[in-house]
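*Asks:*
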Ligand code: GLU
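Residue numbers (my numbering): 56 to 427.
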């Protein structure tokens, strides 16, 4: 199965974390980076398109500016990232040059993916780089990313980038070999799970306990990333720092943990609705409306709305919750929160008498809706 799977990949997003790129003293692990670049260049020679999402900027900045100093404040970390990112790219440039491959730096913040036009621009740039046989090296734009506009971790960023470029596979490499039945650091008998068909709540809980405190990007963020990608229809492999991991993976060997896609690929527009957008509010729906959306693939009408939370405008992205407050869909609303509060629960023909005007019968049209 892995063989058929591995040979069907044309475009892959590979994410490498700081934990494997850097050594304990924050210096780059040159052997690892050299091998990574060699493996990617082999894939590229086989005409596979590779987008590399690489962490390591803050860590490398720390080494450059002195590990003994206190860089805990956000602006200090941003300064570190600005220094370290150059060193990181410099390394990739030098190593890829040996294979006559050029690299392009792409720094993104969540805000860049929240507007449809910048989302499309980022996508166009990445696809153009791939067409030119250049390896895009993506990182979070740490120097501008403060809390509200942050992906927060490069695992999430890599899942969004995989969606952005319509990758056939997302590979997340870290210092953990894959998903284990239990925390392998606490129980050496913990088993590596080879295949995950559906991410269960139990798995998420185990991942939470596996996360190393204070570290960005433990197993928890990897599972979250796997959830985003598989829900967009992209399979995910979580793997470790083993030698020849990528050659083995693409030779069809059963390495790491494979997360199967949850559905057919979402279109680019739907991916943007589901994950590229800031959610401005929440709409709680009754059981009938939830059923109509999930089973009958209908649009959302005002009659199914029970409650409106947060402040949003028409055209904003909102989260749809069921009566137990569980999010099950996201969409772009035709009505603002203020308008929706006035028309919730009523039949569509009463929208005009109630508001004095009507845009549409639906609150969210089916085409602007993504079931999670
Ligand atoms: N963007 C950060 C860096 O390059 C890393 C974030 C992460 O590791 O998830 O240093």
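The beta-carbon is built from N, C-alpha and C at its ideal position, and this holds for glycine as well.
Note down, in chain order, each residue of its chain lying with its Cβ closer than 7 angstroms to the Cβ of residue 88, except the 5 sequence neighbours on either side.
*Replies:* Around residue 88: 76, 146 and 150.
*Asks:* Quick check: what's the CA-CA separation for residue 194 versus residue 71?
*Replies:* Approximately 10 angstroms between the Cα atoms of the pair.
*Asks:* Determine the closest residue to residue 389 out of 106, 166 and 356, with distance taken between C-alpha atoms.
*Replies:* Cα-wise, what sits closest to residue 389 is 356.
*Asks:* For residue 303, name the three-state secondary structure that DSSP assigns.
*Replies:* Three-state result, residue 303: helix.
*Asks:* Could you check if residue 243 is buried or exposed, using at least 16 other CB atoms within 10 Å of its CB as the buried criterion?
*Replies:* With fewer than 16 other Cβ atoms within 10 Å, it is exposed.
*Asks:* Check for me: the alpha helix (DSSP H) holding residue 378 runs from which residue to which?
*Replies:* Counting along the chain, residue 378 falls outside any alpha helix (DSSP H), and DSSP gives it neither H nor E.
*Asks:* For residue 398, tell me which candidate among 387, 386 and 411 has the shortest Cα-Cα distance.
*Replies:* Residue 398 has its Cα closest to that of 411, out of 387, 386 and 411.
*Asks:* For residue 293, name the three-state secondary structure that DSSP assigns.
*Replies:* Correct three-state label for residue 293: strand.
*Asks:* For residue 345, which residues in the same chain have their Cβ closer than 6 angstroms to its Cβ, ignoring the five residues on either side in sequence?
*Replies:* Counting only Cβ-Cβ distances below 6 angstroms, and skipping sequence neighbours, we find 377.
*Asks:* The ligand GLU and residue 113: does any heavy atom of the ligand fall closer than 7 angstroms to the residue's C-beta?
*Replies:* Yes, since a heavy atom of the ligand GLU falls inside the 7 angstroms radius drawn around the Cβ of residue 113.
*Asks:* For the beta strand (DSSP E) that residue 362 lies in, which residues bound it at each end?
*Replies:* Element bounds for residue 362: 360-364.
*Asks:* Between which two residues does the beta strand (DSSP E) containing residue 195 stretch?
*Replies:* First-last of the beta strand (DSSP E) with residue 195: 190-195.
*Asks:* Using the three-state DSSP reduction, which class does residue 83 fall into: helix, strand or coil?
*Replies:* Residue state, collapsed to three classes: strand.
*Asks:* Are the CB atoms of residue 374 and residue 421 nearer to each other than 8 angstroms?
*Replies:* Not closer than 8 angstroms, so no.
*Asks:* Answer yes if the segment 226-243 comes into contact with the segment 292-307, meaning at least three C-beta pairs across the two stretches below 8 angstroms, and no otherwise.
*Replies:* Short answer: they touch.
*Asks:* When the Cα atoms are used, what is the spatial distance from residue 326 to residue 258?
*Replies:* Their backbone Cα atoms lie some 24 angstroms apart in a straight line.
*Asks:* Over the uninterrupted beta strand (DSSP E) stretch that includes residue 109, give me the two end residues.
*Replies:* It spans 104-109 - the beta strand (DSSP E) in which residue 109 sits, taken as one unbroken run.
*Asks:* Going by DSSP, which residues form a beta bridge with residue 372?
*Replies:* Bridge partners of residue 372: 334 and 387.
*Asks:* Skipping 5 residues on each side, what residues in its chain have a beta carbon closer than 8 angstroms to that of residue 230?
*Replies:* Excluding residues within five positions, the ones whose Cβ falls inside 8 angstroms are 72, 74, 75, 295 and 296.
*Asks:* The beta strand (DSSP E) spanning residue 162 covers which residue range?
*Replies:* First-last of the beta strand (DSSP E) with residue 162: 158-163.
*Asks:* Determine, using beta carbons only, whether residue 291 and residue 306 come nearer to each other than 8 angstroms.
*Replies:* Not in contact: residue 291 and residue 306 (Cβ atoms no closer than 8 angstroms).
*Asks:* Taking C-beta to C-beta, are residue 363 and residue 413 nearer than 8 angstroms?
*Replies:* Their beta carbons are not under 8 angstroms apart, which means residue 363 does not touch residue 413 by this criterion.
*Asks:* Given 7 angstroms as the limit, tell me if residue 136 has its C-beta closer than that to any heavy atom belonging to the ligand GLU.
*Replies:* Result yes, Cβ under 7 angstroms from the ligand GLU.
*Asks:* Can you look up residue 418 in the DSSP assignment and give me helix, strand or coil?
*Replies:* If DSSP states are grouped into helix, strand and coil, residue 418 belongs with coil.
*Asks:* Taking a contact to mean a Cβ-Cβ separation below 8 angstroms, would you say residue 161 touches residue 180 in this structure?
*Replies:* It is a contact, given that the beta carbons lie within the stated cut-off.
*Asks:* Report yes if the C-beta distance between residue 158 and residue 190 is below 8 angstroms; otherwise report no.
*Replies:* It is a contact, given that the beta carbons lie within the stated cut-off.
*Asks:* Which ranges would you report for the alpha helix (DSSP H) in the segment 168-254 if only whole runs of at least 4 residues count?
*Replies:* Runs found: 171-186 and 209-219.
*Asks:* For residue 68, does the count of other Cβ atoms within 10 angstroms reach 16, so buried, or fall short, so exposed?
*Replies:* Under this definition residue 68 is a buried residue.
*Asks:* Just list the residues that DSSP pairs residue 97 with in beta bridges.
*Replies:* In the DSSP output, where bridge partners are listed per residue, residue 97 has none listed.
*Asks:* Between residue 72 and the ligand GLU, is the CB less than 7 angstroms from at least one heavy atom?
*Replies:* Residue 72 Cβ: within cutoff of the ligand GLU.
*Asks:* Please name the residue or residues paired with residue 314 in a DSSP beta bridge.
*Replies:* DSSP, once it has assigned bridges, lists 251 and 291 as partnering residue 314.
*Asks:* Assuming residue 386 contacts residue 328 (C-beta within less than 8 angstroms), just tell me the rounded distance between them.
*Replies:* 6 angstroms between Cβ atoms; contact.
*Asks:* Taking the alpha-carbon of residue 436 as reference, which of 58, 251 and 105 has the nearest alpha-carbon?
*Replies:* Residue coverage of the chain in this structure runs from 56 to 427, which leaves residue 436 outside it and unanswerable.
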